[in-house]
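Undergrad: Before anything else, here's the structure in question.
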Amino acid sequence: MKPKKSSTTNPDSSEATLLARIKQLERQLEDEQLRSEAYNKMIDIAERELNIPIRKKSNTK
Numbered sequence: 009m010k011p012k013k014s015s016t017t018n019p020d021s022s023e024a025t026l027l028a029r030i031k032q033l034e035r036q037l038e039d040e041q042l043r044s045e046a047y048n049k050m051i052d053i054a055e056r057e058l059n060i061p062i063r064k065k066s067n068t069k
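Listed below in structure tokens is the structure:
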């Protein structure tokens, strides 16, 4: 009869995997924040240069 494998993995490997995943998610978050800022600046420039409202007014229902 073979012994059961423990359900826990190597803690060091698991921790390293989690840390790598955190770094990956932080990079993705930073990229998305930069993209959002760039889109906002493009909209600001387009509204100013073309004199057209692009953003929805907050009081519009």
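Heads up: the sequence shown begins at 9 in the numbering used here, then just goes up one per residue.
From the three backbone atoms N, C-alpha and C, an ideal C-beta is built for every residue, glycine too.
Because the structure is a prediction, the values reported are computed rather than measured.
Where are the alpha helix (DSSP H) runs, 4 residues long or more, that stay fully inside the region 12 to 69, in chain order?
TA: 19 to 58
Undergrad: Skipping 5 residues on each side, what residues in its chain have a beta carbon closer than 6 Å to that of residue 65?
TA: Translated into the one-based positions of the sequence shown, residue 65 becomes position 57. Within the same chain, residue 65 has no close Cβ partners at all.
Undergrad: Please report the straight-line C-alpha distance between residue 29 and residue 35, rounded to a whole angstrom.
TA: Reading the sequence shown from its first residue, position 21 is the one you call residue 29. Reading the sequence shown from its first residue, position 27 is the one you call residue 35. Cα to Cα, residue 29 sits roughly 10 Å from residue 35.
Undergrad: Rounded to whole angstroms, what is the Cα-Cα separation between residue 21 and residue 31?
TA: As a position in the sequence shown, residue 21 is number 13, starting the count at 1. As a position in the sequence shown, residue 31 is number 23, starting the count at 1. Inter-residue distance for residue 21 and residue 31 is about 15 Å (C-alpha atoms, whole angstroms).
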